[in-house]
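Everything in the sequence shown is counted per the numbering used here, starting at 5 for the first residue and increasing by one.
Virtual Cβ for every residue (Gly too), placed ideally from N, Cα, C.
Quantities reported herein were computed from a predicted structural model and do not represent experimental measurements.
Shown next, in structure tokens, is the structure this report addresses.
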Amino acid sequence: MRSPHGPRRRDALLLPTSTEFLRLQGARWGNTRGLVFRDRLWPYDAVADFAEQLAATLAGLGCGRGSRVAFRAPNSPLAVASHYGAWALQATAAPISVRATGDELRRSVQHIDADALVLDPLSVASLEPVWQELPIPVVEVGEEPGSGVRVVHQRSVSARARTFARRGGELAVLAATSGTTGTPKAVMLTHTNLFWSALACASARGDNGSEVGAALSLLSHTPVFVSHVLCRILFGATVVLFPRFDLDELFWATERHGITDFTLIGGMVADVIGRGGIPPSVAQRVRKVSVGGTFTPMEAKESLRGIFRGAEIIEAYGQSEATDGVTMARGQEVFEHPGTVGRQNPHVLVRVRKQDGSWAATGEEGEIVVGGPTVMRGYWRDASATRAALREGWLHTGDLGCRDEAGFFYITGRIKNLIITGGENVSPLEVEGVLRRHPAVEDVAVIGTPHPKWGEQVTAVVVRRSGAKVDAQELIDFAGKHLAAFKKPRRVEFVSQLPRTATNKVDLAALKNLFHHAREVSSAQ
5 MRSPHGPRRR DALLLPTSTE FLRLQGARWG NTRGLVFRDR LWPYDAVADF AEQLAATLAG
65 LGCGRGSRVA FRAPNSPLAV ASHYGAWALQ ATAAPISVRA TGDELRRSVQ HIDADALVLD
125 PLSVASLEPV WQELPIPVVE VGEEPGSGVR VVHQRSVSAR ARTFARRGGE LAVLAATSGT
185 TGTPKAVMLT HTNLFWSALA CASARGDNGS EVGAALSLLS HTPVFVSHVL CRILFGATVV
245 LFPRFDLDEL FWATERHGIT DFTLIGGMVA DVIGRGGIPP SVAQRVRKVS VGGTFTPMEA
305 KESLRGIFRG AEIIEAYGQS EATDGVTMAR GQEVFEHPGT VGRQNPHVLV RVRKQDGSWA
365 ATGEEGEIVV GGPTVMRGYW RDASATRAAL REGWLHTGDL GCRDEAGFFY ITGRIKNLII
425 TGGENVSPLE VEGVLRRHPA VEDVAVIGTP HPKWGEQVTA VVVRRSGAKV DAQELIDFAG
485 KHLAAFKKPR RVEFVSQLPR TATNKVDLAA LKNLFHHARE VSSAQ
């Protein structure tokens, strides 16, 4: 099946976000490269057919250029085809996490004013009471090519006046942020953003097309889609799709399909290290192991280097508002510059700006700002948030950091998460770093909670290591040996695990809601 819009103009740029680009890679590599799902390889041509079949169904429902197509799908060919199906219509793709509840899905669809919703069969069955109430058409699509496309909820797509930029500047994705504020927010990313971000990531990582990447994290998170899928498509590499993270499946697929590269986020790192060893045949195949998305302790990266001998350990930093990563450290850089998130990626500008608007000197702390073609257009229908984030030509990340004389960046904290206690600013990241050094601490998050005298107090929410015995006062005393008195926790709470968002970041909003009441030290011993 070919695109319903016919052949592309000869003078138009062939972007990697087009089904034509998939066919180009299909013509080049035939049946040898593409998407691997449930032990089957789907060549790029088959993925293009799948996307255009979905596009034809959506077009029949009234979707077209400028429409917004929401979809909820696990990591599968459907997750990729849903993006490309929307793009084949010159519509905007709006991925929704499979971890989203029915209420969250409803809010997301309403927030972006979606024109249609695409669901996998499991979502159709589990969320029927939700989608039955939506005023838009709902399409059920199987996870793999050839598994069928069916309209389960017939509604007309409302006509609306639309204006458009040139092709590269057209809106490609409405990327949901992690939502720690509790209010839905969607990042507007263009095809140009996606192209330059994929090129920047692939260039920084040293991709050349010979890799076999593993997509272990949710592709509904746009930075993951860019770095795990779009980068691979750009060079015609193969991607192995995992609906869920499972170490045994990863090891088996590495031996079976020759996986060379993957990214571990959050608890995945602990799972790999906790295994205590991996099959030698797996370790020999893996060439690159990336970490990012959340803080990864230095000792964890050392452990990964010992497990995957000969593989590069890569540390990356970025955010959805910059499409994907903006800095990267590879191999020895990670260990020769402890704590670094790397140098700026190609095609990206990264600087450090002080509160007075001047540029920070080498080693001086300030806000990390990003410029260049990967920066978002803004937040969907949120002019106030857009103005706050995009100022004077720069994306203000909200992250505090510094840059050393060799050009390596370091993240030192978060501006909006700063704790102000008795008029003093405390970076949660600094306190967390100290507490993680205690042998009884498995995981920790530091937040500000109300205090009648100091305004806010430093509060540590701690996960103990299995079998460890430690109380609140011991941790407070430990922190006091390494931090100024105003920085050490006044309160410590123990939990079995930290709540996390769909992108595996610690859900700070949930923690603050849970521990919003004032209390010193802790009764949870």
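Residue i, enclosing alpha helix (DSSP H) - first and last residue
i: Leu534; result: Any property of residue 534 remains undetermined from this structure, which presents the chain solely from 5 to 529.
i: Val134; result: 132-135
i: His157; result: Unbroken run through His157 is the beta strand (DSSP E), 153-157; no alpha helix (DSSP H).
i: Gly106; result: 106-116
i: Glu215; result: No alpha helix (DSSP H) contains Glu215, which DSSP labels as neither H nor E.
i: Phe239; result: 235-239
i: Thr242; result: Not the alpha helix (DSSP H): Thr242 falls in the beta strand (DSSP E), residues 242-245.
i: Leu439; result: 432-439
Helix, strand or coil at residue i [DSSP, three-state]
i: Arg44; result: strand
i: His521; result: coil
i: Glu446; result: strand
i: Pro125; result: helix
i: Pro284; result: helix
i: Trp363; result: strand
i: Ala257; result: helix
i: Trp33; result: helix
i: Lys492; result: coil
i: Thr61; result: helix
i: Ala52; result: helix
i: Glu497; result: strand
i: Thr401; result: strand
i: Leu268; result: strand
i: Ser231; result: helix
i: Thr23; result: helix
i: Gly411; result: coil
i: Leu28; result: helix
i: Ala560; result: The shown model of the chain, from 5 to 529, leaves out residue 560, and the question about it has no answer.
i: Arg279; result: helix
i: Arg248; result: coil
i: Ala274; result: helix
i: Thr226; result: helix
i: Arg291; result: coil
Closest by C-alpha distance to residue i, when choosing among the options
i: Phe260; options: Leu45, Thr327, Ala464, Ser324; result: Here residue 260 turns out to be Arg, not Phe, going by the sequence shown. Of the candidates Leu45, Thr327, Ala464, Ser324, the one whose C-alpha sits nearest the C-alpha of Arg260 is Leu45.
i: Ala218; options: Glu369, Val40, Leu19; result: Val40
i: Arg248; options: Pro454, Glu497, Thr242, Gly271; result: Gly271
i: Glu137; options: Arg111, Gly150, Gly146; result: Arg111
i: Leu251; options: Asp265, Val276, Val233; result: Val276
i: Gly376; options: Glu337, Asp328, Cys406; result: Asp328
i: Thr366; options: Val374, Val356, Val373, Ala52; result: Val356
i: Gly213; options: Gln477, Val462, Leu17, Gln29; result: Gln29
i: Phe255; options: Ser285, Phe229, Gly38; result: Ser285
i: Glu148; options: Leu238, Leu394, Val51; result: Val51
i: Asn349; options: Ala190, Trp458, Phe412, Asp386; result: Phe412
i: Ala180; options: Ala98, Ala472, His341, Gly64; result: Ala98
i: Asp447; options: Thr453, Gly437, Pro454; result: Gly437
i: Thr242; options: Leu26, Val430, Glu371, Ala326; result: Leu26
Beta-carbon separation (whole angstroms), residue i vs residue j, contact threshold 8 Å
i: Gly131; j: Gly106; result: The residue you asked about is not Gly; residue 131 is Leu in the sequence shown. That belief holds up - the Cβ atoms of Leu131 and Gly106 are roughly 5 Å apart, short of 8 Å.
i: Val113; j: Ala74; result: 5 Å
i: Ala320; j: Gly346; result: 7 Å
i: Ile140; j: Leu109; result: Not a contact, Cβ separation roughly 12 Å.
i: Ala444; j: Arg468; result: 6 Å
i: Ala315; j: Val290; result: 5 Å
i: Leu58; j: Ala95; result: In fact, because the Cβ distance is near 11 Å, the residues do not count as touching under 8 Å.
i: Val156; j: Val128; result: 6 Å
i: Ile116; j: Leu178; result: 5 Å
i: Arg143; j: Trp135; result: It should be noted that the sequence gives Val, not Arg, for residue 143. Incorrect: roughly 10 Å between the Cβ atoms, too far for contact.
i: Thr298; j: Lys509; result: 6 Å
i: Lys491; j: Val462; result: 7 Å
C-beta neighbour in chain C for residue i, strict 8 Å
i: Ile263; result: No chain C is present in this structure, which holds just one protein chain.
Range of the contiguous beta strand (DSSP E) that encloses residue i
i: Arg355; result: 353-357
i: Ala389; result: Not the beta strand (DSSP E): Ala389 falls in the alpha helix (DSSP H), residues 387-393.
i: Val142; result: 142-145
i: Gly484; result: From DSSP, Gly484 is part of no beta strand (DSSP E) but of the alpha helix (DSSP H) over 476-484.
i: Ile419; result: Here Ile419 belongs to no beta strand (DSSP E), and DSSP marks it neither H nor E.
i: Glu460; result: 459-468
i: Thr507; result: Counting along the chain, Thr507 falls outside any beta strand (DSSP E), and DSSP gives it neither H nor E.
i: Glu174; result: Premise fails: Glu174 is in no beta strand (DSSP E) and is neither H nor E.
i: Glu371; result: 370-375
i: Ala472; result: Looking at the DSSP string, Ala472 is not in any beta strand (DSSP E), and its letter there is neither H nor E.
Closer than 7 Å: residue i CB and nearest the ligand SAH heavy atom
i: Thr181; result: The ligand SAH is not part of this structure, which contains no ligands at all.
Ordered list of beta strand (DSSP E) runs contained in the region 64-94, each at least 3 residues: Here the runs fully enclosed are 72-76.
Length-filtered (3 minimum) beta strand (DSSP E) runs lying within the region 296-345: Fully enclosed beta strand (DSSP E) runs of 3 or longer: 316-322, 329-334.
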